[in-house]
């Protein structure tokens with residue numbers, strides 16, 4: 084596809100320039116964009132209105148329309164996000180380790196930008212600014228392929244980035260929006276190995292699966308979270324109740340929300356009525372196994388399918404397990420290796436759970452909702468990786484870099 | 084494909100056991116295998132002879148047959164390699180960083196095994212033992228898909244691994260050889276996302292390309308090296324001569340050998356006859372641009388294709404460039420981002436080259452041949468990554484691990 088190849092070429096060209104920009108220049112761009120976004124609020128909202136009208140015509144539903152919607156507050160929030168990124172430490176250029184070999188070679192490992200980052204995403208126009216800001220800060224050129232439902236809003240935001248970059252005398256192709264929003268353009272990006280160093284899908288499970296299945300460009304898989312809270316025999320039940328309710332209801336539509344509750348059989352009789360009722364009171368539908376249903380009147384019966392479901396809604400599955408090991412086995416069978424939590428006061432069980440559960444983030448006595456770049460102290464987040472290669476868990480600025488070896492010699496040849 | 088899915092299931096099961104083996108147990112396995120390999124020399128050589136006879140019937144040529152051939156020395160070498168791996172530090176379990184967040188959460192990043200590592204490779208039976216050893220040391224289950232030309236040798240080696248593991252009471256499926264060596268089994272591995280965490284192709288450019296193009300499992304791309312040595316105006320020409328000849332001829336068939344020589348125009352008249360003659364004397368065919376040919380009688384004229392060719396042979400392309408920037412631009416146009424070296428005595432040019440050249444390893448005044456896990460001090464190597472995700476350059480034990488976040492809480496919920 085011609086447009087995509089042209090974009091790739093331009094991106095590659097711009098990458099060499101951006102990779103070597105001083106931190107101060109990159110921060111000036113981010114602050115300039117933040118200022119101009121706020122100044123251009125009226126025209127951005129006008130473009131956003133076009134998208135919202137089209138969305139109505141397309142018959143799009145509540146949550147999507149909400150994610151698509153911009154307003155003064157949200158634009159100010161986007162600008163503040165860029166200011167925050169400008170205030171973070173620049174990871175590029177750091178030498179992680181340097182050692183002297185017996186032959187005198189000095190071998191260092193230096194952090195450098197990845198190069199060209201492609202992102203395929205849906206609905207939310209704020210992703211455009213977030214990704215643009217994170218990529219510029221880390222010296223990466225970005226190629227943005229947003230959804231057609233947000234095209235006008237995305238274009239308005241990208242234009243502001245490009246104008247600021249060009250106004251400072253740099254190559255505006257550091258940030259490019261793909262104007263073709265058909266499936267073909269997404270597919271072409273997935274095969275653009277010559278120009279893209281990495282491709283990140285951000286959106287629903289369907290989008291992520293399609294990119295993982297079809298991309299020959301290295302992909303970072305993000306997002307799907309079937310997270311569990313396991314309440315152990317020795318748990319402080321009040322703490323367990325608070326953690327379960329928070330994990331489930333603090334924001335049910337996101338990937339680090341709990342979807343399943345596991346309870347040790349030895350405390351089932353006390354724990355299920357207490358925690359179950361708290362969930363019901365918070366408006367959560369509880370889908371339990373036979374024992375849960377017998378102890379909680381308003382629970383409905385769970386099916387096999389429930390254990391594997393990421394509801395992203397006010398629904399939770401609940402099951403009694405015979406042991407810590409059974410809990411872990413259940414988590415490995417049905418979980419998505421995102422965030423898993425145990426509530427316990429037993430030291431050995433806490434350590435065993437931390438050690439044995441294979442997931443991006445494993446918690447003792449805390450809500451699964453903390454798996455987040457900001458909560459982890461990274462100041463920013465480009466996504467939460469649920470795969471094992473390159474990055475796992477919340478990805479901040481460092482995860483948008485790679486390394487290269489720099490070797491200082493004095494004439495060494497290999498014997 | 085049924086065999087592959089069965090292997091995947093067994094691998095996944097074994098992975099949880101292997102991930103939590105103590106270092107001492109893993110090292111005992113490696114030392115046991117080393118001992119038994121040497122003891123079984125006669126029977127391994129018998130199996131190897133079957134492969135060599137089949138190879139003759141298949142009409143395979145010199146280099147492949149050489150790589151396929153085992154003898155007492157090579158088997159002893161393989162065993163010593165395993166002993167060495169046993170002596171290395173176990174990377175698994177290290178907590179890379181741990182910090183306390185304002186809410187009291189202690190968030191640590193812990194090194195853990197990847198899980199199940201698939202490797203598709205050709206000819207060399209020593210890869211079987213190398214990969215097996217590196218994976219066991221790092222707590223990873225491996226699924227080995229060797230070429231059919233080495234099947235009997237690979238099977239003999241894997242059987243020794245499995246017997247030692249089983250003899251110590253562990254699950255032998257920690258290491259499995261795919262017995263189906265058709266293209267279908269390789270293709271099935273490339274789609275085995277449910278069970279494989281990573282797939283590494285080791286072999287020729289064709290194999291690597293096929294895996295990168297077809298795999299939905301995350302791939303680490305290894306190997307192709309079109310490496311350059313650039314001789315700057317201020318170079319010590321004797322040093323330059325030694326580095327160029329060493330980079331080219333120390334072992335021409337490997338990926339870190341130099342394939343192209345770039346010379347600054349201001350020293351062309353002195354450098355080309357000196358370095359060119361040394362290359363010719365070492366039996367290297369020099370394919371030069373017009374100026375190289377005019378200064379070196381026995382050079383033949385290079386075509387455009389030569390600049391992009393990885394010869395893996397006693398051939399080098401040679402070109403005069405007008406500036407350091409032109410040299411870097413040439414490297415970025417034709418290189419494969421593997422290993423690049425500048426010979427210079429100018430501080431600024433050295434730093435500029437290190438900074439600007441985008442490659443896995445960038446050298447000042449040293450041979451490109453040093454890009455190697457052993458030379459870098461890792462004690463072992465599973466391959467040399469030429470991509471940017473997860474690992475770049477020589478991959479040792481650490482590159483066979485990922486991380487997970489372990490979070491110690493005391494009841495924290497998200498506000």
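Residue numbers (the working numbering), protein chains in the order written: chain A, 84 to 498; chain B, 84 to 498. Ideal Cβ positions, reconstructed from N, Cα and C, are used throughout, including at glycine.
query: CB contact check: residue 495 (chain B) to chain A, cutoff 8 Å; result: yes
query: Supposed close pair residue 247 (chain B), residue 116 (chain B) - CB separation, criterion 8 Å; result: 5 Å
query: Residue 379 (chain A) beta carbon less than 8 Å from that of residue 367 (chain A); result: no
query: 8 Å CB neighbourhood of residue 334 (chain B) in its chain, flanking five on each side removed; result: 340 and 452
query: Nearest-angstrom Cα separation, counted from residue 160 (chain B) out to residue 167 (chain B); result: 10 Å
query: Members of the region 442 to 472 of chain A near chain B, C-beta cut-off 8 Å; result: 442, 443, 444, 445, 446, 447, 448, 449, 450, 452, 453, 454, 458, 459, 460, 470, 471 and 472
query: Sufficient close CB pairs (3 or more, under 8 Å) joining the region 192 to 203 of chain B to the region 271 to 281 of chain B; result: yes
query: Environment of residue 457 (chain A) [buried if 16+ CB atoms lie within 10 Å]; result: exposed
query: For residue 338 (chain A) and residue 363 (chain A), the rounded distance between their alpha carbons; result: 21 Å
query: Residues near residue 336 (chain B) by beta carbon distance below 8 Å, same chain, minus five either side; result: 146, 395 and 396
query: Contact list for residue 103 (chain B) against chain A, beta-carbon separation under 9 Å; result: 438 and 439
query: C-beta neighbour in chain A for residue 301 (chain B), strict 8 Å; result: yes
query: At least three beta-carbon pairs within less than 8 Å, the region 296 to 314 of chain A to the region 415 to 424 of chain A; result: yes
query: Contact belief for residue 175 (chain B) with residue 195 (chain B) at Cβ below 8 Å, rounded distance in angstroms; result: 6 Å
query: Inter-stretch contact at 8 Å, needing at least 3 Cβ pairs: the region 424 to 443 of chain A / the region 398 to 414 of chain A; result: yes
query: Cutoff 8 Å: residue 254 (chain A) Cβ touching any chain B Cβ; result: no
query: For residue 417 (chain A) and residue 388 (chain A), the rounded distance between their alpha carbons; result: 10 Å
query: Residue environment, residue 208 (chain A), which counts as buried when at least 16 other CB atoms sit within 10 Å; result: buried
query: Alpha-carbon spacing of residue 157 (chain B) relative to residue 185 (chain A), whole angstroms; result: 26 Å
query: Those runs of the beta strand (DSSP E) which lie wholly inside the region 299 to 378 of chain B and span at least 3 residues; result: 310 to 314, 341 to 347 and 368 to 371
query: Beta-carbon proximity of residue 235 (chain A) to residue 130 (chain A), cut-off 8 Å; result: yes
query: As assigned by DSSP and simplified to three states, the class of residue 263 (chain B); result: coil
query: For residue 287 (chain B) and residue 132 (chain B), the rounded distance between their alpha carbons; result: 24 Å
query: Min CB distance residue 360 (chain A) to chain B below 8 Å; result: no
query: Bounding residues of the alpha helix (DSSP H) (the contiguous stretch that carries residue 238 (chain A)); result: 234 to 250
query: Under 8 Å between C-beta atoms of residue 148 (chain A) and residue 128 (chain A); result: no
query: Residue 152 (chain A) to residue 203 (chain A) span [Cα, whole Å]; result: 19 Å
query: Residue 84 (chain B) to residue 474 (chain A) span [Cα, whole Å]; result: 30 Å
query: Closest by C-alpha distance to residue 238 (chain B), when choosing among B:171, B:258, B:97 and B:377; result: B:258
query: Range of the contiguous alpha helix (DSSP H) that encloses residue 175 (chain A); result: Residue 175 (chain A) -> no alpha helix (DSSP H), and no H or E assigned at all.
query: Interface flag, residue 84 (chain B) vs chain A, CB-CB below 8 Å; result: no
query: Cβ-heavy atom distance, residue 498 (chain B) to the ligand HEM, below 7 Å; result: The model depicted lacks the ligand HEM and carries no ligand whatsoever.
query: Three-state secondary structure assigned by DSSP to residue 221 (chain B); result: coil
query: Endpoints, beta strand (DSSP E) assigned at residue 157 (chain B); result: Note, residue 157 (chain B): premise wrong, no beta strand (DSSP E); alpha helix (DSSP H) at 155 to 170.
query: Spatial distance of residue 269 (chain A) from residue 470 (chain A) (CA atoms); result: 21 Å
query: Anticipated Cβ contact below 8 Å, residue 491 (chain B) with residue 294 (chain A), distance rounded; result: Actually they are not in contact, since the Cβ atoms of residue 491 (chain B) and residue 294 (chain A) sit about 34 Å apart, beyond 8 Å.
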